[in-house]
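In order, the protein sequence lines correspond to chains F and E.
If you're matching positions, the first sequence starts at 11 in my numbering and goes up one per residue.
If you're matching positions, the second sequence starts at 14 in my numbering and goes up one per residue.
What follows is a single structure, written as C-alpha cells, with notes after it.
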Amino acid sequence: MPIHIIDRRLNPGGKSLENRQRFLRRAKSLVQGAVKKTSQERDIKDVLEGGEVTIPLDGMHEPRFRREGGTRDMVLPGNKKFIEGDYLQRSGQGSAKDSGPGEGDSEDAFRFVLSRDEFVDLFLDDLELPDLAKRKIAHTESEGIQRAGYTTSGSPANISVSRTVRLALARRIALKRPRKEEIEELEAAIAACTDEDERLELIAQLEKLKAKTKRIPFIDPLDIRYRRFETVPKPVAQAVMFCLMDVSGSMSEHMKDLAKRFYMLLYVFLKRRYKHVEIVFIRHTDRAEEVDEQTFFYGPASGGTLVSSALQAMHEIVRERFNPSDWNIYAAQASDGDNSYSDGELTGMLLTDKILPVCQFFAYLEVGESGGSAFDLSDSSLWTLYERLRNSGAPLSMRKVSERSEIFPVFHDLFQRRDTAQEKAAP
Amino acid sequence: MTERLFEGADWDFHTLQRITDACEEVALKDLGLDVYPNQIEVITAEQMLDAYSSVGMPLFYKHWSFGKHFAYHEASYRKGLMGLAYEIVINSSPCISYLMEENTATMQTLVIAHAAFGHNHFFKNNYLFKQWTDADGILDYLDFAKTYVMQCEDRYGRVEVERTLDAAHALMSHGIDRYPGKKKLDLRAEEKRAGRRRQHEEEVFNDLWRTVPKGAAKSRTALSIERRRKLLGLPQENLLYFLEKSAPRLAPWQRELLRIVRHIAQYFYPQSQTKVMNEGTATYVHYRIMTKLHQQGRITDGNFLEFLGSHTNVVFQPEFDDQRFSGFNPYALGFAVMQDIERIVTRPEDEDREWFPDIAGKNDVMGVLRDVWANYRDESFIAQFLSPKLMRHFRMFHLHDDPEERAGIRVDAIHDERGFRRVRRELARQHDVGFIDANIEVVDVDLSGDRRLILHHHVIKGSQLNETDAKRVLQHLADLWTYDVSLIEVDANDKVMREYVVSPRPIPAAVA
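Here it is as C-alpha cells:
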C-alpha cells in the first residue's frame with residue numbers, strides 16, 4: 011500500500027487570518043471597548059505594542075440547546091469509602107467537582123492577543139480630524155495610477171500577452187503565413203510521394219512555404235502591446251497641526267507629564283492616520299519657540315508664562331508657511347491655565363482676530379494637579395477666557411484633565427468622529 | 014530484522030518512511046487491520062492551531078466563529094495553558110494524519126501507529142462511520158462547500174450569508190438524522206446535484222410563468238391534521254432538514270447552506286458517539302505495535318521507556334476527588350476495556366465465563382476485537398464489555414443527585430455484586446448521545462392560521478433547557494422560519510413545563 015509522506019511545514023501560514031479578521035470585524039465594538047480599557051492602564055509606548063485584551067464572551071456567544079438542572083445520575087471512578095445508600099453533602103468537596111466537564115460554561119470572559127497593528131487600528135479607529143474641508147490639487151505625492159488602454163511602447167513588465175498574441179494571430183492570418191500543419195502535411199506528402207516530378211514540385215512548394223514562414227515572423231515587434239497607465243491627480247486635504255505647550259515654572263512635573271502624554275497620543279494618531287499632516291511643535295514660557303519633536307517631548311525648560319507669545323508664534327508661522335486658503339489648520343494647546351494678568355487681553359485678541367478665524371478646530375486641554383482640588387476653587391484665567399470665546403461661537407473645544415487615566419477618554423472625546431463630518435472627510 | 018528504525022530523538026523523512034513501513038507490517042500482519050491508504054503530513058504548531066479552529070479539517074468555509082476559536086486557542090497556547098495534540102487524523106480516504114514537527118522520533122512512531130493505523134482502521138470498519146460518513150467524498154465536499162459559501166457571499170453579501178450560517182450553526186446539533194432509513198450520503202453526487210439544480214433553474218427560468226393566471230386556490234381546510242403532518246414529514250427531529258425542505262421563505266441558496274451545515278454535522282455525528290471506542294482502539298493498536306517493535310529490537314529500550322512515559326500520561330484516569338478530574342478519560346476507559354477483553358479471551362476467570370460466555374477463552378484476541386470495533390458504539394460497547402473486574406479496578410460508583418432530596422446526593426450503587434449491572438448501565442447511558450442531547454422535534458405547523466412552527470422538547474428527568482441559550486437559538490430558528498416559533502417543554506406525562514414563543518426579527522434592509 012503506497013504511503014504518502016508530505017512536508018506541509020513550508021505551506022503558507024495564516025490560513026486562519028481571514029476568519030480572524032471576520033471575528034474582529036464582528037466583535038469590533040466589544041474589542042474596541044476592551045482596547046480602550048486596556049490602554050488606560052498602560053504607557054503610551056506600550057499602547058503601540060499591541061497585547062492581550064479581554065472581551066465579554068457574551069457578545070460573541072454561539073448559542074446551542076443545552077440542558078441543565080433536573081435529576082442527575084453519574085458514574086465516577088475512585089470510590090474509597092462509600093457504600094450503597096450513603097448520602098453525600100452537596101456543599102462538600104465530594105460534590106464540588108461532580109458537574110463533569112463543563113463545555114466552557116464557566117468562562118464569562120474571552121481573552122486573546124491582538125497584534126500591534128490590530129491594536130492601534132482599533133484604538134484609533136473612530137478618531138478623525140474634524141472639518142477637513144479645504145482640498146486642493148496638490149503636488150506629486152497625491153497622484154493615483156489608473157489603467158488607460160494599450161500602447162506600443164513601454165517596459166517589458168507591462169507587456170500585455172493576450173493582446174499581443176491576438177494581434178499576432180490576426181496579422182499571421184491576414185498575411186497568410188503557412189501553418190505548421192500545412193508544412194507537416196506537405197512533408198508527409200513528399201515522403202510518401204513516388205513520382206519524381208511530382209516530388210520535385212512538392213519540394214518547390216515546400217521551399218516556398220518555408221521561405222514565407224521565415225519572412226512573416228510568428229510574433230513581430232509590431233504586434234507587441236503594453237498596458238498603459240496614466241496618473242491622475244487626486245485632491246488631497248492638507249492639514250497642519252500646531253501643538254502649543256506651556257512649559258513654564260507653574261507647570262508641575264505631573265502637569266507636564268499629562269500634557270506630554272496628550273501630545274504623544276496626538277502625534278501617534280496623526281502620524282498613523284494622515285499622510286499629509288504637518289505637525290508644528292511650539293513650546294512657550296514667557297517666550298515661545300518652535301522646536302523639533304525631540305526637544306518638545308524631552309527637552310527641559312522653565313520660566314514665566316505668557317500665552318500670547320505662543321499664539322503670536324503660531325500666527326507668524328501660519329503667515330509664513332501655511333496659507334489658510336490651502337491648508338486645514340488645527341491647534342491643540344495644553345496649559346495649567348495660568349497666565350499673566352496683563353496678558354489676558356492680548357491673548358483674547360490674538361485668538362479672536364488672528365488664530366480662530368483660520369483654524370478649523372482649536373482644542374484646549376487644561377491640566378491640573380492630581381486629585382483635581384485646584385479645579386474646585388475657581389476656573390483659571392485662560393479657561394474663563396476660552397469659555398467666553400466658545401460661547402460666542404468659536405470652533406473651540408475645552409477639556410480638563412488631572413489624572414493619567416483621563417487622558418485617553420478626553421482625547422477620544424476631542425477627536426471623536428462626528429456624524430456631520432463623516433461624509434466630507436476621507437484622508 | 015533487528016535493524017533499528019532510528020537512534021535518539023531526531024528523525025527525517027526517510028525515518029518516517031521506515032517507521033510507517035514497520036508499523037504497517039505489524040498492523041496488517043500481526044493485528045490483521047484493514048485500513049484506508051495513508052497520507053502522513055508533517056505540520057508546525059501554527060498549522061496545528063489552524064486545524065484546531067476548523068474542527069481539524071484541512072479546508073473549511075470561512076466563518077467568524079472559526080476565527081474566534083483560533084484566537085482562543087492561540088491565546089491559551091501562548092500562555093502555556095494548553096498543550097497541542099501530537100496529531101490530528103481525518104476520516105477520509107486517503108486517511109490524512111497530521112503530525113507535529115516537534116515530536117521526537119519515538120513520538121512520531123507512537124502517533125503513526127495511533128492515528129494512521131488505529132484510528133484509520135476504526136474509521137474504515139465501524140458500522141456508524143460506514144453508515145453515516147463518506148470518507149471518499151468528504152474532502153471534495155468541503156471544497157465544494159467552501160467555494161459555494163464564497164460564491165454566495167459574492168452574490169448575496171457577506172452579512173446575509175453570515176446570518177444564515179449563524180442560524181444554521183446554532184441548530185447544528187439538531188441537524189442530524191439519528192436513524193438510518195435514508196440512503197447513505199454520497200457527497201460527490203451531492204456536489205454535482207447542487208450544481209445541476211442551479212443550472213436547471215437558470216435554464217428553465219422564464220419570467221412569463223409569473224404572469225400565467227392561477228386557478229382558484231384549493232381549500233386548505235380539507236387537509237386533515239394527520240395528512241398535513243404526514244405531508245410535512247412530522248414529527249421531525251432533524252430541524253435543519255425540516256427548515257431546508259419546508260421553511261416557506263428561504264432563498265434556494267439559503268437552503269443549500271443549511272444542507273451543507275447539516276451534512277457536515279452528520280459527518281461528525283459518529284465521532285461523538287464513539288469517543289471511547291475510537292480512542293480506545295487507537296491506543297490499543299499503538300500499544301500493540303510499539304510493544305512488537307520493541308520486541309523485534311527495532312526501537313531501543315530507552316525509546317521504549319519514553320513511549321511508556323507518554324502512554325501512561327495518555328491513559329491516566331484521575332479519581333473523582335482529584336483536582337485534575339474532569340470525567341472519564343476516553344483513552345483510559347477505552348484502552349482498559351480493550352485490554353480487559355484481551356484478558357478475557359486469553360486468560361478468563363470463572364467470573365468472566367459467567368459474564369462473557371461468548372468470548373471467554375476464545376483465544377482469538379484480534380478476531381474478537383475486530384468484531385467489537387466494527388459493530389459497537391460507546392454506549393453498547395460499555396453496556397456489553399465493561400467487566401466487574403474493571404469496575405473494581407476503577408472503583409466505580411453511581412451517584413444519584415435529586416435536587417428535591419434534602420439529605421444530599423445518594424450513592425445508588427457501588428462496585429459490588431449488587432451494583433455491577435446498575436453501574437454499568439448508568440455509565441453506558443452517560444455515553445449515549447441520544448440521551449445527552451436534548452430531545453427536540455418539530456411536531457406541527459399551524460398552516461391555516463399564523464403559520465406558527467410548534468416544537469416539543471421532551472424533558473427527561475426534569476432537565477430543562479438553559480433559558481438564555483434556548484431563546485437565542487429559537488431566535489435564529491424563527492429568523493429562518495420567518496414566522497413565529499414556539500417551543501413547549503413537556504415532561505414524560507405530557508405536562509407542559511414551560512413555553513417559549515419567539516417572533517422573527519425583521520430582516521435588515523440590504524446594504525447597497
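Think of the CB as a built atom: it goes at the ideal place given N, C-alpha and C, for glycine as much as any other residue.
- In the DSSP assignment, F/V123 forms a beta bridge with F/E62.
- The C-alpha of E/P361 lies about 22 Å from the C-alpha of E/D43.
- For E/K375, DSSP records no beta bridge to any residue.
- Looking only at E/M163, E/Q286, E/K474 and E/E430, the smallest Cα-Cα distance to E/I189 is reached by E/Q286.
- The C-beta of E/E250 has 16 or more other C-beta atoms within 10 Å across all chains shown, which makes the residue buried.
- Secondary structure of E/N316 (DSSP, three-state): helix.
- Looking at the backbone, the Cα of E/Y192 and that of E/I453 are separated by about 15 Å.
- Of the residues E/I501, E/D63 and E/G80, the one whose Cα lies closest to the Cα of E/L97 is E/D63.
- The alpha-carbon of F/G358 is positioned some 35 Å away from that of F/F133.
- In terms of beta-carbon proximity, F/G80 lines the interface with chain E, with at least one pair separated by less than 8 Å.
- Of all C-beta pairs linking the stretch 391 to 401 of chain E to the stretch 360 to 378 of chain E, three or more are shorter than 8 Å, placing the two stretches in contact.
- By the C-beta density criterion, E/K75 is buried, having at least 16 other C-beta atoms within 10 angstroms.
- By the neighbour-count criterion, in which 16 or more other beta carbons inside 10 Å mark a residue as buried, E/W222 falls on the exposed side.
- Three or more beta-carbon pairs separated by less than 8 Å are not found between the stretch 320 to 339 of chain E and the stretch 142 to 161 of chain E, which leaves the two stretches without contact.
- Any Cβ of chain E closer than 8 Å to the Cβ of F/S26 would place that residue at the interface, and such an atom is present.
- Residue pairing from DSSP places F/D256 in a beta bridge opposite F/H294.
- If you compare the alpha carbons of F/G154, F/Y273 and F/R329 with that of F/Y308, the shortest gap goes to F/Y273.
- E/P283 is classed as buried because its beta carbon has at least 16 other beta carbons within 10 Å across all chains shown.
- Take the alpha-carbon of F/K224 and the one of F/A180: they are about 17 Å apart.
- When DSSP states are grouped into helix, strand and coil, E/V174 belongs to the helix group.
- The secondary-structure analysis by DSSP pairs E/N51 across a beta bridge with E/C108.
- In terms of Cα proximity to F/G354, the closest of F/A344, F/P367, F/E379 and F/L316 is F/L316.
- Counting only unbroken stretches of 4 or more residues, the alpha helix (DSSP H) elements lying wholly within the stretch 299 to 325 of chain F are 303 to 308, in sequence order.
- Apart from the 5 residues on each side of it in sequence, F/S407 sits with its Cβ closer than 6 Å to the Cβ of A373 and L424 in its chain, given in chain order.
- For F/Q42, no Cβ of chain E is located within less than 8 Å of the residue's own Cβ.
- Under the three-pair Cβ rule at 8 Å, the stretch 173 to 186 of chain E counts as touching the stretch 65 to 81 of chain E.
- Beta-bridge pairing by DSSP links E/V514 to E/S499.
- In the three-state DSSP reduction, E/E454 falls in the strand class (E or B).
- E/D391 is not bridged by DSSP to any residue.
- Taking a C-beta distance under 8 Å as the contact criterion, E/A278 and E/A128 do not qualify as a contact pair.
- Sorting E/D314, E/K288, E/H324 and E/H213 by C-alpha distance to the C-alpha of E/R301 places E/H324 at the top.
- The beta carbon of E/R337 sits closer than 8 Å to the beta carbons of P331 from its chain, once the five residues preceding and following it are set aside; these are given in chain order.
- F/N29 and E/F281 do not touch by the CB rule: their CB atoms are close to 19 Å apart, not below 8 Å.
- Here F/A344 is bridged, per DSSP, to F/M255 and F/L375.
- C-alpha of E/G170 to C-alpha of E/M163: approximately 10 Å in a straight line.
- F/F425 carries a helical assignment under DSSP once its states are collapsed to helix, strand and coil.
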